[in-house]
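Taking it in order: structure first as C-alpha cells, then the write-up.
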Amino acid sequence: MRTLLRFAGSVTPLPAVTAGLVAVLVGVTSSAAIVFTAAEAAGADSGQVASWMLALGVGMAVTCVGLSLRYRAPVVTAWSTPGAALLAVGLDGVTLAQAVGAFVFSAALITLSGVTGWFEKVMDRIPVPLAAGLLAGVLLQFGIGLFTSMEGDLAVVAAMFAVYLAARRWAPRYAVPAALVAGGAVAALGGTLDLSGVVPRLAVPVLVVPEFSWQVLVSVGVPLFVVTMASQNLPGVAVLRNDGYRVPVSPLIGWTGATNLVLAPFGCFGMNLAAITAAICTGPQAHPDRERRFLAGVWAGVFYLVVGVFGATVAALLVALPPALIAAIAGLGLLGTIGGSLSSALSDERSREAALVTFLATASGVTFLGIGSAFWGLVAGTVTWAVTARRGARTDEEAEAA
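The opening residue of the sequence shown carries number 329 in this note's numbering; numbering runs sequentially from there.
Here you go:
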C-alpha cells in the first residue's frame with residue numbers, strides 16, 4: 329500500500345498537476361472564443377464546432393503526453409491562436425470542405441518542415457539572449473495583466489496576490505495553486521463565479537471530407553502555415569531552450585504536424601508548440617526538480633483531453649469564470665519565467681542591445697502581413713545583433729591594436 333501511495337505521489341505531484349491545469353485553463357479561456365468564431369466563419373454547425381474542440385483536445389493530449397514522456401521534457405502543444413484569428417476573417421465565401429482542405433495542406437507543410445529539419449537549422453542559429461528576449465516579450469502582457477486585472481475585480485486579484493506572496497514565503501511550491509484556490513473562493517463568495525449553467529455534454533467526432541481548391545490553399549492554407557510557424561512554433565522552441573531543455577526540434581514539429589494532418593478532417597485546423605502556456609510548465613513553479621517537470625506537460629495533455637471530450641460545455645464554462653481570475657493566475661504563474669528570461673536576455677553586454685530590441689519589438693504586439701510580433705521582434709533583434717556584433721568585434725580589434 330505504501331509503495332502504491334509513493335508511486336501515486338511521484339506521478340501526481342501537486343505543483344505539476346496545478347501547472348498543467350493552469351496552462352490549459354489559460355490556453356482555453358484566452359482563445360477558445362476565437363476558435364468558435366473561426367468554426368462559425370467556416371459554416372460549421374453546433375455539432376461540428378464541438379467536433380473541432382474534440383479534435384483539437386485529442387490532438388493536444390496525444391502530443392503533450394507522448395512527446396513529454398518521450399523526451400522527458402515539458403512539451404506542451406496548443407491550437408494556433410493566430411491561425412484561428414486568420415480563419416475567422418479569411419473564410420468568407422469558403423465552404424467547410426474547402427476550409428478543411430486548407431487545414432490538411434497547412435498540416436502537411438508543417439510535417440514537411442519537421443521531416444526535412446530546416447526549421448531546426450534556423451533555430452540553431454538564433455543567439456540565446458535573443459531567444460530569451462523573444463520569450464520575455466511574448467509573456468510581458470500576461471505579467472502586466474496581473475495588475476491591470478485589479479481594475480476589473482480588485483477583491484479577487486488582491487486576495488490571489490496576497491495568498492501568493494504568503495505562500496512564496498512559507499510554502500513556495502504551492503504558491504500558484506494556493507492563489508488559484510483563493511481566487512476561486514473569493515469569486516464564489518462575491519457571486520462572480522456561477523457554475524450552475526455548466527452541464528457536461530460529450531462531443532462527437534464529425535468527419536468532413538476535404539476539398540482542395542488551389543485558390544483556398546494559397547489564400548488560406550499558406551498563410552495558416554506561415555503564422556503557425558512564425559508566431560507559435562518559433563517562440564514555443566524559445567520557451568523550451570530558455571529553460572534548458574535541448575530537445576530535438578524537428579521531431580516535435582514533425583509529430584505535431586502529423587497529428588494535425590490526421591485530425592484535420594474532424595476540425596483540427598492548426599496545432600503547434602505552445603509558448604505562453606508552455607512557460608507555465610517549464611519553470612520551477614511546475615516542479616522544484618527540473619527533471620520531473622515533464623509531468624506538468626503530461627498533465628496538461630490529460631486536461632486537454634477532458635476539454636476535448638466535453639467540448640460542447642467549454643463555452644458555458646468560459647462564461648462562468650471571471651476574466652480577472654484567469655488574467656491574475658496567468659500573470660502569477662509566469663512571474664518566474666518572465667524574470668528568468670529578462671535576466672538571460674540582458675546578462676551579456678555584447679548582445680544586450682539586440683536582446684532589448686527583440687524584447688521591445690515582440691512586446692509591442694505589432695503585426696505586418698498577417699504575421700505577429702514574435703516573428704518581427706526576432707527579425708529586428710537579429711538585424712541589430714548582426715550590426716552591433718560586427719561593431720563590437722571592430723572595437724575589440726582596435727583595443728588590442730592600441
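Built from N, CA and C at the ideal position, the CB exists for glycine as well.
On the CB-based measure, 16 or more other CB atoms within 10 Å of its CB, does Ala-727 come out buried or exposed?
Unreliable positioning characterises Ala-727 in this predicted model, as indicated by a pLDDT of 47, which lies under 50. The coordinate reading is nonetheless provided below. With fewer than 16 other Cβ atoms within 10 Å, it is exposed.
Tell me whether Ala-406 sits in a helix, a strand or coil according to DSSP, three-state version.
Under the three-state reduction of DSSP, Ala-406 is assigned to strand.
Only counting runs of 3 or more residues, tell me where the beta strand (DSSP E) segments fall wholly within the stretch 534-602, in order along the chain.
599-601
Looking at the secondary structure, which residues open and close the alpha helix (DSSP H) in which Thr-665 lies?
651-674
Val-403 to Ala-602, Cα distance in whole Å?
8 angstroms
Residues of its chain near Ile-608, where Cβ-Cβ distance is below 6 angstroms and the 5 sequence neighbours each way are ignored
Ala-347, Val-350, Ala-351, Gly-661
Bridge-paired residues (DSSP) for Phe-364
Answer is none; Phe-364 lacks a bridge partner.
Selected residue, minimal CA-CA separation from Leu-697, among Gly-668, Ala-558, Gly-518, Phe-470:
Ala-558
With a cut-off of 9 angstroms, does the C-beta of Gly-572 fall near any C-beta of chain B?
Reference to chain B is not applicable here, since this structure consists of a single protein chain.
So, do the stretch 430-438 and the stretch 683-698 have three or more beta carbon pairs nearer to each other than 8 angstroms?
no
Spatial neighbours of Leu-333 within its chain, please: CB distance less than 6 angstroms, with the 5 preceding and 5 following residues excluded, ordered by chain position.
At Leu-333 the pLDDT is 44, less than 50, meaning the model places this residue with poor confidence; the figure from the coordinates comes in the next sentence. Around Leu-333: no qualifying Cβ.
Beta-carbon proximity check, Val-343 vs Pro-616, cutoff 9 angstroms
Position check: residue 343 holds Pro in this sequence, whereas Val was assumed. Yes, they are a contact pair.
Which same chain residues, not among the five before or five after Phe-540, have their C-beta less than 6 angstroms away from its C-beta?
Gly-429
Find out if the Cβ-Cβ distance for the pair Leu-589, Ala-401 is shorter than 9 angstroms.
no
Quick check: Ile-454 and Leu-706, are their CB atoms within less than 9 angstroms of each other?
yes
Measuring alpha carbon to alpha carbon, tell me which residue in Ala-531, Val-514, Gln-543, Val-509 is nearest Gly-732.
Only positions 329 to 730 of the chain appear in the structure, and residue 732 is not among them; the question remains open.
Status (buried if at least 16 other CB within 10 Å, exposed otherwise) for Thr-641:
buried
Would you call the stretch 456-473 in contact with the stretch 665-678, where contact means no fewer than 3 C-beta pairs closer than 8 angstroms?
yes
Exposed unless 16 or more other CB atoms sit within 10 angstroms - verdict on Gly-668
buried
Could you check where the alpha helix (DSSP H) with Pro-505 kicks off and where it finishes?
503-518
Look up Phe-638 in the DSSP assignment and say whether it is helix, strand or coil.
coil
Could you tell me if Ser-408 is buried or exposed, where buried requires 16 or more neighbouring beta carbons within 10 angstroms of its beta carbon?
Classification for Ser-408: buried.
Could you tell me the boundaries of the alpha helix (DSSP H) in which Phe-447 lies?
446-452
Taking 7 angstroms as the limit between beta carbons, can you name the residues of its chain near Val-565, skipping five residues before and five after?
Within the same chain, Val-565 has close Cβ partners Met-451, Val-577, Leu-601.
Leu-562 burial status per 10 Å Cβ neighbour count (16 or more: buried):
buried
Among Gly-473, Ala-416, Ile-666, Leu-688, which has the Cα closest to the Cα of Ala-360?
Ala-416
In three-state terms, what does DSSP make of Leu-342?
Of the three classes helix, strand and coil, the one that applies to Leu-342 here is helix, per DSSP.
Does the separation of the CB atoms of Met-599 and Met-381 fall below 9 angstroms?
no
Once you ignore the five residues that flank Gln-469 on each side, which residues in its own chain have a CB closer than 8 angstroms to its CB?
Residues Ala-691, Gly-693 of the same chain have their beta carbon placed closer than 8 angstroms to that of Gln-469, with the five preceding and five following residues left out of the count.
Is the beta carbon of Thr-710 closer than 9 angstroms to that of Thr-584?
no
Please check the pair Ala-378 and Val-532, which I expect to be a contact at CB under 8 angstroms, by giving their CB distance rounded to whole angstroms.
7 angstroms
For Gly-657, which residues of its own chain have a beta-carbon under 8 angstroms away from its beta-carbon, when the five flanking residues on both sides are left out?
The sequence given here places Ile at residue 657; Gly does not occur at that position. Once the five neighbours on either side are set aside, the close Cβ partners of Ile-657 are Val-350, Leu-353, Val-354, Met-488, Val-504, Ala-507, Leu-508, Gly-511.
Would you decide whether Thr-331 is buried or exposed? Buried here means 16 or more other CB atoms lie within 10 Å of its CB.
Any answer about Thr-331 is weak, because its pLDDT of 49 lies below 50 and its placement is not dependable; what the coordinates show is given next. Its Cβ having fewer than 16 others within 10 Å, Thr-331 is exposed.
Straight-line Cα distance separating Thr-712 from Pro-528:
52 angstroms
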